[in-house]
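Asks: Once you've had a glance at the structure underneath, I'll fire off some questions.
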Amino acid sequence: MDILRELSAQQRQLGDDSLGFADLRRRVDVEDSGRFRYHLKQLQDTFVQKTDAGYRLTHAGHRVIAAILAGTFTGDQSLGPVELDSECPECHRPAVATYEDGRCLVSCANDHTLFTWSVPPNATASLDLPGLIDLAELLALQAVEQALAGVCPECFDPVSSQIRTAEAARPAFQGDCESCGAQIAGPVDLCLLVDPEVAAFCHRHGHSPQDDHVWESPFVRDDAELVVLDDDPVQIEYTLTLDGESLSGEISENGHITVHRTGSTEGQSDAP
């Protein structure tokens, strides 16, 4: 890992992403040239690339060293429990946040899981627990948005997404990457929250993902209704009513919002 660290430091400090063999060996402080060459060879092609100017990190090398510097593989920070200025939508007990093993968890005294997502341990150096939860929610929404676009948020390879209706009482979104094994999972509400037209409707009625926690969204309250029309392929109808105006449409089997209809609660449609 010292080789990766030194190549990363070279780029950060000097803006030059390559180091010659002798300079790199001197920085790593390995006297035996043969032993150093052997270890460098093990990293080549996957994590280190040899160029005319010397050696530099590949994209995978940058990802690995970034994860190490972020504490992903070494951090063991634990925080909480801390009560948030929020409540469980199911039992109305206070929402409680914890952070352990790189994962944020929001639950309540009745063990209802409201939200969970991973955040690198280095974030704890500058954020308190409520701030970590805010960051985790942002990362979750960004990951779902990327997965819906067919891109893995971890390795950027293709992702296949689907809506599951059988395993839980509420439909859930899941994106799977065959390349790196990443899995993006959460309630189907997240698909609705990142849809531009749905987000605009919520904004118009005073609700925003930037201001509300994801478990406080209108889709987990009585303002919204989800109806599973079919399980194979999955087809879900949603209706959201806020301040006398309704927004309805369909969610496809891969999580895309396919139809938008707005109207009053009396059923007069404003848009097809």
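Quick note on numbering: the sequence shown equals residues 6 to 277 in our numbering. Note that the Cβ used here is the ideal one computed from N, Cα and C, for glycine as well. These figures come from a predicted structure and were not determined experimentally.
Relative to the C-alpha of Arg68, which residue among Ala154, Phe161, Ser23, Gly136 is closest?
Replies: Phe161
Asks: I need the boundaries of the alpha helix (DSSP H) containing Glu202, first residue and last residue.
Replies: 201-209
Asks: Which runs of the beta strand (DSSP E) at least 3 residues long sit entirely within the stretch 138-187? Give them in chain order.
Replies: 165-169, 177-181
Asks: Whether or not the stretch 6-13 and the stretch 48-67 are in contact is what I'm after, with contact meaning three or more pairs of Cβ atoms, one per stretch, closer than 8 Å; do they touch?
Replies: yes
Asks: In whole angstroms, what is the alpha-carbon distance linking Cys93 and Trp220?
Replies: 8 Å
Asks: Taking the C-alpha atoms as reference points, what is the distance between Ala72 and Ser251?
Replies: 44 Å
Asks: Can you give me the C-alpha to C-alpha distance between Ser269 and Ile241, rounded to a whole angstrom?
Replies: 21 Å
Asks: Could you tell me the distance, in whole angstroms, from the CA atom of Arg175 to the CA atom of Pro99?
Replies: 22 Å
Asks: Helix, strand or coil for Gln15? Go by DSSP, reduced to three states.
Replies: Gln15 carries a helical assignment under DSSP once its states are collapsed to helix, strand and coil.
Asks: Does Ser129 come out as helix, strand or coil in the three-state DSSP assignment?
Replies: Just to set this straight, residue 129 is Thr in the shown sequence, not Ser. Note: Thr129 maps to helix in three-state DSSP.
Asks: Our contact map puts Pro126 next to Gly107 with C-beta atoms below 8 Å; I'd like the distance itself, whole angstroms only.
Replies: Beta-carbon to beta-carbon, Pro126 and Gly107 are separated by about 6 Å, close enough to satisfy the 8 Å threshold.
Asks: What did DSSP end up calling Ala276 once you bin it into helix, strand or coil?
Replies: For Ala276, the predicted structure reports a pLDDT of 44, less than 50, and the residue's modelled location is therefore unreliable. The matter cannot be settled from this model.
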